[in-house]
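In my numbering, the protein residues as written are 37 to 188.
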């Protein structure tokens, strides 16, 4: 029994991935402070409703709003128009008046963390070295099974 627990612990330890960060600003022009967050929701215009569902489920489960980071990656084709930042920032302000949504203009978070499906929800923790690490990651529509996986 001890051997099983030891092996399980070792396997879980080695599966931890660093969460790569970059500088992002919200629709209110505030910079992201990565160390404040335990849950990261990454969704775009097409997966916005699923992202909202995840956010609402976190709030129902008692997760503090200030622990949830919402990131909106912007496709490269959207950044080719004149005034694109103002247009997109204002659109995000209309959708989310209170919660900061950090806009990823270059899709750096998506690329750095190998995200291939949206929404992606990642539970993170701050390591002893001050960097963020992934505990768990799920994608797609909210389900209780996926939520429980995030708690592992």
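C-beta atoms are modelled at their ideal positions from N, C-alpha and C, and glycine is treated no differently. Just so it is clear, the structure is predicted and the values come from calculations on it, not from any experiment.
Starting from the C-beta of residue i, find all residues in its chain whose C-beta is less than 7 Å away, skip the five residues before and the five after it, and write them out in chain order.
{"i": "residue 55", "result": "149, 158, 160, 168, 169, 170"}
Can you tell me whether DSSP reads residue i as helix, strand or coil?
{"i": "residue 80", "result": "coil"}
{"i": "residue 151", "result": "coil"}
{"i": "residue 161", "result": "strand"}
{"i": "residue 146", "result": "helix"}
{"i": "residue 177", "result": "coil"}
{"i": "residue 182", "result": "helix"}
{"i": "residue 117", "result": "coil"}
{"i": "residue 128", "result": "helix"}
{"i": "residue 97", "result": "coil"}
{"i": "residue 188", "result": "coil"}
{"i": "residue 133", "result": "coil"}
{"i": "residue 86", "result": "helix"}
Bridge partners for residue i per DSSP, in chain order?
{"i": "residue 67", "result": "61"}
{"i": "residue 54", "result": "169"}
{"i": "residue 156", "result": "78, 175"}
{"i": "residue 139", "result": "61, 108"}
How many angstroms separate the CA atom of residue i from the CA atom of residue j?
{"i": "residue 93", "j": "residue 163", "result": "26 Å"}
{"i": "residue 130", "j": "residue 172", "result": "31 Å"}
{"i": "residue 98", "j": "residue 89", "result": "15 Å"}
{"i": "residue 110", "j": "residue 175", "result": "18 Å"}
{"i": "residue 116", "j": "residue 140", "result": "15 Å"}
{"i": "residue 154", "j": "residue 72", "result": "22 Å"}
{"i": "residue 152", "j": "residue 132", "result": "24 Å"}
{"i": "residue 181", "j": "residue 118", "result": "43 Å"}
{"i": "residue 95", "j": "residue 66", "result": "22 Å"}
{"i": "residue 188", "j": "residue 123", "result": "39 Å"}
Do residue j and residue i have their beta-carbon atoms positioned less than 7 Å apart in this structure?
{"i": "residue 138", "j": "residue 186", "result": "no"}
{"i": "residue 91", "j": "residue 79", "result": "no"}
{"i": "residue 58", "j": "residue 147", "result": "no"}
{"i": "residue 107", "j": "residue 75", "result": "no"}
Excluding the 5 residues flanking residue i on each side, which residues of the same chain have their C-beta closer than 6 Å to its C-beta?
{"i": "residue 52", "result": "169"}
{"i": "residue 63", "result": "125, 128, 129, 137"}
At the 7 Å Cβ level, is residue i part of the contact set with chain E, yes or no?
{"i": "residue 129", "result": "The structure shown contains no chain E; it is built from a single protein chain."}
Leaving out five residues before and five after residue i in sequence, what residues of the same chain have Cβ atoms less than 8 Å from its Cβ?
{"i": "residue 178", "result": "86, 89, 90, 93"}
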